[in-house]
Every structure is written in structure tokens, then in C-alpha cells.
Amino acid sequence: AQSVTQLDSHVSVSEGTPVLLRCNYSSSYSPSLFWYVQHPNKGLQLLLKYTSAATLVKGINGFEAEFKKSETSFHLTKPSAHMSDAAEYFCVVSALDSSYKLIFGSGTRLLVRP
Amino acid sequence: GAVVSQHPSWVICKSGTSVKIECRSLDFQATTMFWYRQFPKQSLMLMATSNEGSKATYEQGVEKDKFLINHASLTLSTLTVTSAHPEDSSFYICTRDSLHVNTEAFFGQGTRLTVV
Numbered sequence: 113a114q115s116v117t118q119l120d121s122h123v124s125v126s127e128g129t130p131v132l133l134r135c136n137y138s139s140s141y142s143p144s145l146f147w148y149v150q151h152p153n154k155g156l157q158l159l160l161k162y163t164s165a166a167t168l169v170k171g172i173n174g175f176e177a178e179f180k181k182s183e184t185s186f187h188l189t190k191p192s193a194h195m196s197d198a199a200e201y202f203c204v205v206s207a208l209d210s211s212y213k214l215i216f217g218s219g220t221r222l223l224v225r226p
Numbered sequence: 018g019a020v021v022s023q024h025p026s027w028v029i030c031k032s033g034t035s036v037k038i039e040c041r042s043l044d045f046q047a048t049t050m051f052w053y054r055q056f057p058k059q060s061l062m063l064m065a066t067s068n069e070g071s072k073a074t075y076e077q078g079v080e081k082d083k084f085l086i087n088h089a090s091l092t093l094s095t096l097t098v099t100s101a102h103p104e105d106s107s108f109y110i111c112t113r114d115s116l117h118v119n120t121e122a123f124f125g126q127g128t129r130l131t132v133v
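Below you can see the structure in the form of C-alpha cells.
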């Protein structure tokens with residue numbers, strides 16, 4: 113069975129400083145991994161995805177994530193936080209059975225201080 | 018533009034009434050759509066898989082008689098919360114099946130249901 117663990121429920125950074133949101137996964141096969149962002153009272157937007165191509169994945173808004181199989185990690189980073197980055201971030205693994213179910217992590221709320 | 022349209026975006030209803038939420042695939046015919054639920058300050062959990070022309074598949078712990086899913090056409094799935102209670106207040110969001118393996122899921126805008 114697949115699972116994903118987001119290690120921090122809240123992360124607080126100052127504007128202009130780096131962001132690190134941690135995610136570890138468990139999968140019996142090579143997984144597809146995603147990071148989604150959810151702004152308050154809004155739907156979900158895909159930031160980036162890993163699908164067994166390059167291990168360093170670049171996404172929108174300056175975010176990137178590195179797939180590390182040896183560490184079973186897929187941490188999300190950004191060099192410099194912006195106030196508009198404040199949101200809830202979800203690490204997601206695809207079940208990849210015939211129905212392509214998504215398994216969500218518990219989420220990390222990113223707070224950006226001015 | 019959006020490829021999945023969900024309506025309404027928010028609804029307030031009285032306890033005991035039923036509420037229908039629509040999810041439309043705008044870009045292609047989706048044989049499978051998924052319904053997720055998100056309680057306040059929690060993550061999203063899959064409720065059920067909606068299958069066109071057949072019965073929905075419900076996840077463990079989700080009452081199929083309470084959450085009625087109808088996928089009568091290849092572009093529309095509906096979720097009806099029957100006899101709603103305050104504990105059903107949640108954010109409901111749908112996705113459609115992906116075109117290819119390893120592609121992203123496209124989410125509707127979500128529906129905020131408040132039962133008073």
C-alpha cells in the first residue's frame with residue numbers, strides 16, 4: 113500500500129528566506145508524486161509532479177522538489193518565500209491502480225512573515 | 018482554463034435536507050471521477066469513485082446510502098448528501114480520471130457545504 117507523510121503541520125518563514133516542506137513516501141513500486149497547493153477556501157492547484165523522469169522537478173512559482181529514492185523523500189523547496197506563498201501544501205502519491213486514486217498527506221500550512 | 022467544473026461553490030442548508038453537488042468534465046469524456054472530502058484543518062480523503070454507467074465504489078467508512086453518487090453521462094457526476102447533518106459540513110471536491118498514467122489530476126473548484 114502507498115502512503116505519504118508530511119513531517120511538519122506548520123512551517124513559518126520570513127519573506128525572502130528559503131522554504132523547505134518535507135514529505136516522505138512509502139510505496140511498493142516506483143511512485144508518481146505530486147505537490148499541490150490550496151489557498152484558503154479555494155480548490156487545489158498542481159505545483160509540480162514526479163513521474164520517474166528527472167529526479168529534480170521544477171514547478172510553478174519557483175518551487176522545486178527532488179525525488180530521493182534512497183531516502184524515500186520528495187521535499188518541496190523554494191529559494192525565496194513570497195507573501196503570496198502562504199497556503200496549505202499537500203504531498204500526494206498516486207495509487208496507480210486502474211482508478212488512479214490519489215493519497216494525500218496531512219498537509220503543511222506555510223506561514224510567511226513580512 | 019478549468020477542465021473540471023464543480024457547482025455550487027458553496028451551499029448552506031438546513032439539517033435534514035438534501036444537497037446535490039455537480040462535477041462536470043469539460044475537456045473530455047470521463048468514465049471515472051473521484052469525490053474527496055476535506056474536514057476543517059484536515060487533509061483530503063477519498064470518499065468514492067464514480068463510474069459511468071455503473072455503481073460507485075465507496076471507501077471504507079463512507080455511507081453509500083447517505084452520499085448518493087450518480088454518473089449518468091460521461092461528462093457529469095453528481096454527489097447528493099441526503100438528510101444532511103451538521104457533521105456533514107465539509108469541503109467536497111471532485112476530480113476526473115487522468116488521460117494517461119502519471120498525469121496530474123484535475124480538480125473542481127470544490128464545494129463548501131455548511132449544514133445548520
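Those protein sequences? They're chains A and B, same order as listed. Heads up: the first sequence begins at 113 in the working numbering, then just goes up one per residue. Heads up: the second sequence begins at 18 in the working numbering, then just goes up one per residue. We put the beta carbon where it would ideally sit given N, CA and C, even for glycine. If you're wondering where the values come from, they're calculated on a predicted model, not measured in any experiment.
What does the alpha-carbon distance come out to for the pair residue 66 of chain B and residue 214 of chain A?
What you label residue 66 of chain B is simply residue 49 of the second sequence in a count that begins at 1. What you label residue 214 of chain A is simply residue 102 of the first sequence in a count that begins at 1. Looking at the backbone, the Cα of residue 66 of chain B and that of residue 214 of chain A are separated by about 11 angstroms.
For residue 47 of chain B, count neighbouring C-beta atoms within 10 Å of its own C-beta (all shown protein chains included) and say buried if the count is 16 or more, exposed if not.
One-based indexing of the second sequence puts residue 47 of chain B at position 30. Residue 47 of chain B counts as buried, since at least 16 other C-beta atoms from the protein chains shown sit within 10 angstroms of its C-beta.
I'd like to know whether the C-beta of residue 181 of chain A is nearer than 8 angstroms to at least one C-beta of chain B.
Residue 181 of chain A sits at position 69 when you count from the first residue of the first sequence. Answer no: the Cβ-Cβ gap between residue 181 of chain A and chain B never drops below 8 angstroms.
Going along the chain, which residues of its own chain have a beta-carbon closer than 8 angstroms to the beta-carbon of residue 210 of chain A, five neighbours each way excluded?
To locate residue 210 of chain A, count along the first sequence from 1; it is residue 98. Legend: pLDDT at residue 210 of chain A = 49, less than 50; position of this residue unreliable, value from coordinates given subsequently. Hits under 8 angstroms: none found.
Give a yes or no on whether 8 angstroms exceeds the smallest Cβ distance from residue 61 of chain B to chain A.
Translated into the one-based positions of the second sequence, residue 61 of chain B becomes position 44. Yes, residue 61 of chain B counts as interfacial toward chain A.
Do three or more CB pairs link the region 150-169 of chain A to the region 28-42 of chain B at distances below 8 angstroms?
Look at the beta carbons and you see the region 150-169 of chain A not touching the region 28-42 of chain B: under three pairs across the two are nearer than 8 angstroms.
Chain B residues whose Cβ lies nearer than 8 angstroms to that of residue 128 of chain A:
If you number the first sequence from 1, residue 128 of chain A lands on position 16. Correct list: empty, because the minimum Cβ distance to chain B is about 28 angstroms.
Using the Cα positions of residue 56 of chain B and residue 107 of chain B, report the straight-line distance between them to the nearest angstrom.
Working through the second sequence from its first residue, we reach residue 56 of chain B at position 39. Working through the second sequence from its first residue, we reach residue 107 of chain B at position 90. The straight-line gap from Cα to Cα measures roughly 5 angstroms.
One or two residues paired with residue 58 of chain B in a DSSP bridge
The residue you call residue 58 of chain B lines up with position 41 of the second sequence. Among the bridge pairs identified by DSSP, residue 58 of chain B is matched with none.
Helix, strand or coil at residue 68 of chain B according to DSSP, with G and I counted as helix
On the second sequence, position 51 is the one that residue 68 of chain B refers to. Under the three-state reduction of DSSP output, residue 68 of chain B falls in the strand class.
Beta-carbon neighbours of residue 218 of chain A, restricted to chain B and to distances below 9 angstroms
On the first sequence, residue 218 of chain A is found 106 positions in, with the first residue counted as 1. Within chain B, the residues near residue 218 of chain A are 59, 60.
Taking residue 170 of chain A as the query, report the chain B residues whose CB atoms sit under 8 angstroms from its CB, ordered along the chain.
Numbered from 1 along the first sequence, position 58 holds the residue referred to as residue 170 of chain A. Within 8 angstroms Cβ-Cβ: nothing; residue 170 of chain A doesn't reach chain B, min ~15 angstroms.
DSSP on residue 142 of chain A, reduced to helix/strand/coil?
Counting from 1 along the first sequence, the entry for residue 142 of chain A is found at position 30. In the three-state DSSP reduction, residue 142 of chain A falls in the coil class, being neither helix nor strand.
Do residue 130 of chain B and residue 28 of chain B have their C-beta atoms within less than 8 angstroms of each other?
Position 113 of the second sequence, counted from the first residue, corresponds to residue 130 of chain B. Position 11 of the second sequence, counted from the first residue, corresponds to residue 28 of chain B. Cβ distance < 8 angstroms, so residue 130 of chain B and residue 28 of chain B count as in contact.
Within 8 angstroms, do at least three Cβ pairs link the region 123-141 of chain A to the region 154-166 of chain A?
No: fewer than three Cβ pairs fall under 8 angstroms.
Residue 28 of chain B, enclosing beta strand (DSSP E) - first and last residue
Taking the first residue of the second sequence as 1, we reach residue 28 of chain B at position 11. First-last of the beta strand (DSSP E) with residue 28 of chain B: 27-30.
Hey, out of A/218, A/185, A/124, whose CA is closest to residue 195 of chain A's CA?
Locating residue 195 of chain A in the first sequence gives position 83, counting from the first residue. Checking every option, the nearest Cα to that of residue 195 of chain A belongs to A/124.
Give a yes or no on whether the C-beta atoms belonging to residue 198 of chain A and residue 189 of chain A are separated by under 8 angstroms.
The sequence position of residue 198 of chain A within the first sequence is 86, counting from 1. The sequence position of residue 189 of chain A within the first sequence is 77, counting from 1. No, they are not a contact pair.
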